[in-house]
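The sequence shown begins at 1 in UniProt numbering and counts up one residue at a time. A quick write-up on the structure given underneath.
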Amino acid sequence: MDADPSPPAAAAAAAAAAAAGAAAAATPLASDGVKVTASGLTKQQQQRVAAHSHIRSLGLAADGSALQQAGGMVGQLEAREAAGIIVDLIKARKLAAAAKLQQTQPQQSCSKAAAKLQQSWGVAAAVLQQSWSAAAGKLQLRCSCAASKLHQSSIKAAPKLQQSSSCKCISAVMLTLKTVKGMKTLRLAPQLHDSLQKEKVRVGDVVFIEANTGIVKRVGRSDAYATEFDLEAEDFVPVPKGHVEKKKEVVQTVSLHDLDVANAKPQGGTDVLSMMGAYMKPRKTEITERLREEINKTVNKYIEQGVAQLIPGVLFIDEVHMLDIECFSFLNRVLESPMSPIIVFATNRGVSTVRGTDSVEPHGMPVDLLDRLLIIKTQPYTVSEVVQVIQLRAAVERVNLSPSALEALGEIGAQTSLRFALQLLEPCRLAAEARGSEVVEPSDVADVDSLYLDAKASAVRLAEQRHRFPS
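This is how it looks when you write it as structure tokens:
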């Protein structure tokens, strides 16, 4: 898909749509007892109005076609359909080691909607707004350890400590566990005594003990003790069924960055010397390229053995034109890597200079990187679409506009920018309240418009009166 040479006035419509995805279909707007207003938002949601609060979904039909106005989206039919295809491919995990570019206009921003990526796409999403972030290669690793053995049972007797009479130190921990089908007494290592005390385990608690690592986890209090007190702060759980010794599959999801940090800064012991050493040396160990390669080799070995599964995440990079040539070179290598995440770029630049070089390229990005992207094509908003967007935002911000005032704001948005027209809504409401009315009239819009300048008018004023302003 080709990019529109001039950024449209609909800047973030497609970007916010891609970020919103199908989240509204999965998440209801109101639960039982919550009143939903005419704008489709609850009162609690209206109290926190953001730039894209009115956007709830891509506004696509069941066949994938975009509706003219649905889910808070207006117009941009082709861009929304393209974003819907990308979302479906990511959900089906058929789009990996790929990148997408969302071209927007300076008057709009898609960073506010980027937080909805994880909910929309059903995979891990990372939002990157600084080029130096260490999470640039974020991937998700699902590690299944089916051989882990867990003891999940109810304590029948208190831990009995066998002590030596000479030094009075703990030599073993005797623990009696009981389930519905049986009972078993275990002789545990003395190191588990500290774990039991840390979890505050007592008679009648439901715990599980992992046989391989000795991890002790207190699940709650047995429901047989629920009638001991009238008021109790404990979480009561039923006595475990089955046998005392069980096998349980443990699934852990970590990112490659988490593995890098864990290996770059390993945790020391719990003795005094280790704690003092960590206190005296608080500096962070650098994550080197060699360390990343070793982590990748280990992950690949786990994948080949069938005990791990690689799940590509989604990396959203807003204002991608602010990256320099070194970052673009790194992203080129990442896209060629077998562990590459799905990268989504967003920019509002046309033809501009690539940072760190003297070359002028489209979107301020190197051509070799642009050749690897799917670029979503957007179109300028019409006046009627600008009016529809303003009407949606006015409903969210609870601004009552008369039909003539709505048309006046639509003309301002078509002449200047949609963002500037949306920013005038709240000042117009205050102007109407100042004259004792709850409805915004065209006179209020004209008064407020005369007080402020949009970006283009301000640039023209500075060019005409440059001698009055210090440079």
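Every residue gets a Cβ at the ideal spot worked out from N, C-alpha and C, and that includes glycine.
| Check | Outcome |
| --- | --- |
| Pairwise C-alpha distance: I375 and Q415 | 27 Å |
| For L196: DSSP bridge partner residues | None, per the DSSP bridge assignment. |
| Range covered by the beta strand (DSSP E) that runs through E245 | E245 to K247 |
| N-terminal and C-terminal residue of the alpha helix (DSSP H) that G59 is part of | From DSSP, G59 is part of no alpha helix (DSSP H); its letter is neither H nor E. |
| Sequence-distant residues of its chain with Cβ nearer than 8 Å to G182 (five each side left out) | H243 and V244 |
| Proximity below 8 Å, CB of A394 to CB of L425 | yes |
| Bridge partner(s) assigned by DSSP for D444 | Bridge partners of D444: none, in fact. |
| Cβ neighbours of D444 in the same chain (closer than 6 Å, five flanking residues each side left out) | C428, A431 and A432 |
| Terminal residues of the beta strand (DSSP E) in which P362 lies | V360 to P362 |
| For R292, the nearest candidate out of Q309, A264 and V207 (CA to CA) | A264 |
| Inter-stretch contact at 8 Å, needing at least 3 Cβ pairs: the stretch 302–312 / the stretch 322–333 | no |
| G64 versus H54, I55 and L89, residue with shortest Cα-Cα distance | L89 |
| Short Cβ contact (8 Å threshold) for V216 with L192 | yes |
| For V320, three-class secondary structure by DSSP | helix |
| Enclosing alpha helix (DSSP H) for G220 [first to last residue] | No alpha helix (DSSP H) contains G220, which is instead part of the beta strand (DSSP E) from V216 to S222. |
| Residue span of the beta strand (DSSP E) that contains D63, given as start and end | D63 -> no beta strand (DSSP E), and no H or E assigned at all. |
| Terminal residues of the beta strand (DSSP E) in which F229 lies | It is not in any beta strand (DSSP E) - F229 carries neither H nor E in the DSSP assignment. |
| 7 Å Cβ shell around H467 - same chain, five flanking residues per side excluded | none |
| Counted within 10 angstroms of its Cβ, other Cβ atoms place G459 as buried (16 or more) or exposed | It is Ala, not Gly, that sits at residue 459 in the sequence shown. Classification for A459: exposed. |
| Among F316, E438 and V354, the one whose alpha carbon lies nearest that of L323 | V354 |
| Residue environment, E361, which counts as buried when at least 16 other CB atoms sit within 10 Å | buried |
| Close-in-space but distant-in-sequence residues of the same chain around G59 (CB under 8 Å, 5 per side omitted) | A17, A66, L67, Q69, A70, G71, G72, M73 and R80 |
| Selection from V389, F236 and A308 that minimises the alpha carbon distance to V251 | A308 |
| Selected residue, minimal CA-CA separation from G214, among P341, A434, P190 and G220 | P190 |
| Close beta carbons around V389, own chain, < 7 Å, minus the five adjacent residues each side | V74 and L418 |
| Burial state of F420, where buried means 16 or more other Cβ atoms lie within 10 Å | buried |
| Local conformation of F469 per DSSP, three classes | coil |
| P470 burial status per 10 Å Cβ neighbour count (16 or more: buried) | exposed |
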